[in-house]
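Below you'll find the structure, written out as structure tokens, and then a few comments.
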Amino acid sequence: MLNLVMSSLSKSSTDDLEKFLLDRASEVACLAKGGGGKVVDKTQVNNLLTSMQNFKNVEKLELLIMRQMGRGEINQGAGKRLIETIEEIKKRGVNDVVERVLDFLGYVKWAFESMEKMEACSGVNNLSSLVDKVIKGGEPQHRNFQGPKNR
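The letter at position 90 of the sequence shown is residue 115 when you use the working numbering, and the numbering goes up by one with no holes.
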């Protein structure tokens, strides 16, 4: 019985963390899209993920983020939110902080890429608002299909 209760509590806290990471990733992606200052280049988002995969150290990642903020490669809004999220993951006492930060950065990448063709990003502060933005007109404008040209 006790194992069942502990398993249930563990799953609940894992689900809560997962929702937090997905929501925060959506918000960070919007900030990186220009909601927090200068638009962050896609390569910067990929660079963070690759760097974390290579050195597997959250403190080094935080230092890299601050460096890129100082160089103007990552805007202040997105950079601060990235660091705040990493700190929150550390405070929650999860078993594998590195893996959870890697999950988070992967979610940021996906959310950022989902907004790649959008002109502007506003009002996205969680996954649900990102989904709404994409469904209700935030999607890229498609060109009219002309069909094959007669030769």
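Even glycine gets a Cβ: it sits at the ideal position worked out from N, Cα and C.
For residue 70, count neighbouring C-beta atoms within 10 Å of its own C-beta (all shown protein chains included) and say buried if the count is 16 or more, exposed if not.
-> Only buried fits residue 70, as 16 or more other CB atoms lie within 10 angstroms of its CB.
Local Cβ density within 10 Å of residue 93, reported as buried at 16 or more and exposed below that | Residue 93 is buried by the Cβ-count criterion.
Do the region 49-62 and the region 141-149 meet, that is, are 3 or more Cβ pairs less than 8 angstroms apart?
-> Judged by Cβ distances under 8 angstroms, the region 49-62 makes contact with the region 141-149, as three or more pairs qualify.
Out of 50, 78 and 43, state which residue places its alpha-carbon closest to the alpha-carbon of residue 104.
-> Closest by alpha carbon: 50.
Are the Cβ atoms of residue 114 and residue 125 separated by less than 9 angstroms?
-> A contact, by the Cβ cut-off of 9 angstroms.
Note down the Cα distance separating residue 76 from residue 86, rounded to an integer number of angstroms.
-> Cα-Cα distance, rounded: 7 angstroms.
Could you tell me which of 117, 154 and 134 sits nearest to residue 41, measuring between CA atoms?
-> Closest in alpha carbon position to residue 41, among 117, 154 and 134, is 117.
First through last residue of the alpha helix (DSSP H) which encompasses residue 104 = Here the alpha helix (DSSP H) through residue 104 covers 101-116.
Check residue 52 in the structure and name its three-state DSSP category.
-> Look at residue 52 here: in three-state DSSP terms it is helix.
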